[in-house]
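Going by our numbering, the sequence shown opens with residue 124, and the numbers climb by one from there. Cβ coordinates follow ideal geometry from the N, Cα and C atoms, glycine included. Data first, discussion second: the structure below is written as structure tokens.
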Amino acid sequence: MENAGKILVIEDSKTMNNIIANKLKDLGFSVHSAFSLREADKYLDKNRYDLIILDLHLPDGEGSDLIMDIRSITDTKIIILTSVKDEYLRDELFKYGILDYIVKDKNLQYSLEEIIKIIKHIKKKERDKILVIDDSRFVCKQVKRVLEPRNYIVETASTGKEGLQKLHQGNFSLVVLDMELPDIHGTQLLQAVRENRRFIKLPVLVLSGTADAETVRYILKNGASDYLRKPFIFEEFLLRVDLWVDYYRQSRELDEKTNQLEKLNKNLEERIKQETLKNLEKDRLLFAKSRLAEIGQMMSAVAHQWKQPLNSLSALISRTYLRYQLNNGSIDKQTMDFCFENANLQIQDMSETITNFMNFFKPDKEKEIFNLYTIIRRTIKLIKNVLKSNNIELEVDVDRSIYVEGYPNEFGQIILNMINNSKDAFLERNITDRKIKISAKENKNSIYIFIEDTAGGIPEDIKTQIFEPYFTTKNSRGTGLGLYICKLIVENYMRGEIGVKNTSKGAKFEIKLPKIKQQTT
């Protein structure tokens, strides 16, 4: 304890005196030891003490006589430490404002702990205020005498009106209330106190000369926290005061911490909201960037897809023009019809390709239940010529009765990304056995989609990184967003999970989605 204070130990047993003094010195107190009343008088003449620990029986007199002398010249706090078990003397000494009356135990350990406990307890009382409302000056004086040594600030009021005025002006930790007041009855004052929200939890200790059960019950049911009959034992009064003041302090501390916690939670909720908005904006930008990258890739696929119908159109036009020249500038209806029909078929094919392309990259606004097989096939159709030109064999083993809930185009983006990753790995590693298999299975609660290839697998040292944003093994050719976006779509938009493991020939991605309760056919 910093600046713990100054203590005088008055105990004729040198052994006990030294034990107490050494313990208190260890706690930071400045300690003087006196072994008789004469030595105690000398110390008291020259020093001012914060606390005196006093034995009642000393070689040259009674310690109780010293209490009267001390009380006449100083407000030093006193703890009695004695072997005497005298209940009458005990109560009389409490009337003079002693802090505690401790009976020595055999090895003094318990007594020491009690001394330390009361010292620590008193140190907490420096700001606690108590309002005593009683028309008896004698009672008010007695109550002040026993409470002020315990560091309570005591204010008194002799009427209910004065008591209410002081209560509203100050911050009190306890009200000690007499029932019989000159202007109003104590129950009326209790009602006035409890009607004010500020004083709802303020403890009120009622003092009354009436002790019948009905009166006590009425008092406690109408706003009193506790009841004590006059005349009361002062030690019991002090114990109840300490109890209720501690309760009120703990209640206020709890309210304060609760308010702080509520503010913290509110601030935390606001921060989470802001961070969520930031993350949503970041994800939106990443989606846009990833989509642009895939549009670039798909433009190449569209160009590849258009190559064959454009070649067919070119050949058709050349053949028709040649026949036109051979017929001296004329052409028969049969040839024109054949040319028109075939040209129209090629143009429709090209139009369908561009329509599929545009629809594929149109974001879905709402969740819907869609057929898994249909979306996979629609996605593959966009890149079938790219797969064919790169000698990649793609197998789809998906039951046509499986439906999932989510965003069809976004899910198609996952399939497209996985296929493109496999294609890039085939080309980069110069693998000749180029196979991709998409399969699915379901159980009672979940649907599992597998995308498996023969592209050599994923190096073990990067398997945990492939779903992170901007991680890529393609150098400048990749954005590092593909698999990250796949993970976002699966986890955030379809309430699923995504993972990967290596097989003997390549990598196998697994997507786990919750099964919808009712499937639509």
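- Rounded to the nearest whole angstrom, the CA to CA distance from Ile574 to Leu436 is 37 Å.
- In the DSSP assignment, Asp164 falls within the unbroken alpha helix (DSSP H) covering 160–169.
- No Cβ-Cβ contact shorter than 8 Å links Ile253 with Leu222.
- Out of Glu285, Glu620, Lys507, the CA that lies nearest to the CA of Pro305 is found in Glu285.
- Scanning its chain for C-beta atoms nearer than 7 Å, with the 5 sequence neighbours on each side dropped, one finds around Ala466 the residues Leu436, Leu439, in chain order.
- Close CB contacts of Glu271 within its chain, under the 8 Å cut and outside five residues either way in sequence, are with Asp198, Gly220, Val277 (chain order).
- Val316 and Tyr275 have their C-alpha atoms spaced approximately 22 Å apart.
- When rounded, the separation of the alpha-carbon atoms in Asn390 and Leu377 is 19 Å.
- Going by beta carbons, Leu177 and Ile203 fall inside the 8 Å limit.
- Cβ contact annotation for Gly619 (same chain, cutoff 8 Å, sequence separation greater than five): Val613, Ile634, Lys635, Leu636, Pro637, in chain order.
- DSSP places Tyr341 inside the alpha helix (DSSP H), whose first and last residues are 336–344.
- The beta-bridge partner set that DSSP reports for Pro637 consists of Ser569.
- Within the model, the alpha-carbon separation for Val154 versus Leu147 is close to 7 Å.
- Excluding sequence positions up to five before and after Gly579, its CB lies within less than 7 Å of the CB of Ala548, Arg552, Ile554, Gly629, all in the same chain and listed in chain order.
- Taking a cut-off of 8 Å on C-beta distances, the segment 325–340 touches the segment 294–304, as three or more cross pairs fall below it.
- Judged by beta-carbon spacing, Ile454 lies beyond the 8 Å limit of Val519, meaning their Cβ atoms are not closer than that value.
- In this structure, DSSP gives Glu318 a state outside helix and strand, which the three-state scheme calls coil.
- Closest option to Asp135, judged by alpha-carbon separation, among Thr279, Lys129, Asn568, Leu181: Leu181.
- DSSP places Asp520 within a strand segment (E or B) once states are collapsed to three.
- Glu358 is not bridged by DSSP to any residue.
- Collapsing the DSSP output to three states places Arg557 in coil.
- For Glu385, the three-state secondary structure derived from DSSP is helix.
- Sequence-distant Cβ neighbours of Ile589 in its own chain, meaning closer than 8 Å and more than five residues away, are Ile581, Leu606, Val623.
- In this structure, Ser159 is the residue among Lys208, Ser159, Val207 with its C-alpha nearest to the C-alpha of Leu189.
- Judged by DSSP secondary structure, His291 falls within the alpha helix (DSSP H) whose first and last residues are 283–292.
- Per the coordinates, the alpha-carbon of Gly293 lies some 42 Å from the alpha-carbon of Ala157.
- For the segment 177–210, the full-length beta strand (DSSP E) segments reaching 3 residues or more read 200–205 along the chain.
- Under a 10 Å Cβ-count criterion, Ser545 is classified as buried, with 16 or more other Cβ atoms of the shown protein chains found around its own Cβ.
- Counting C-beta atoms within 10 angstroms of its own C-beta, Gly309 has 16 or more neighbours from the protein chains shown and is therefore classed as buried.
- DSSP places Asp306 in no alpha helix (DSSP H); its state is neither H nor E.
- Per DSSP, Ile225 lies in no alpha helix (DSSP H) segment; the continuous beta strand (DSSP E) that holds it begins and ends at 223–226.
- Per the Cβ contact rule, the segment 491–498 is in contact with the segment 523–538 (3 or more Cβ pairs under 8 Å).
- In the structure shown, Tyr526 falls within a strand segment according to DSSP collapsed to helix, strand and coil.
- Val262 and Asp209 have their C-alpha atoms roughly 24 Å apart.
- Per the DSSP secondary-structure output, Phe493 pairs in a beta bridge with Val527.
- Excluding five sequence positions before and after Lys558, the CB atoms of its chain that fall closer than 6 Å to its own CB belong to Glu516, Thr577, given in chain order.
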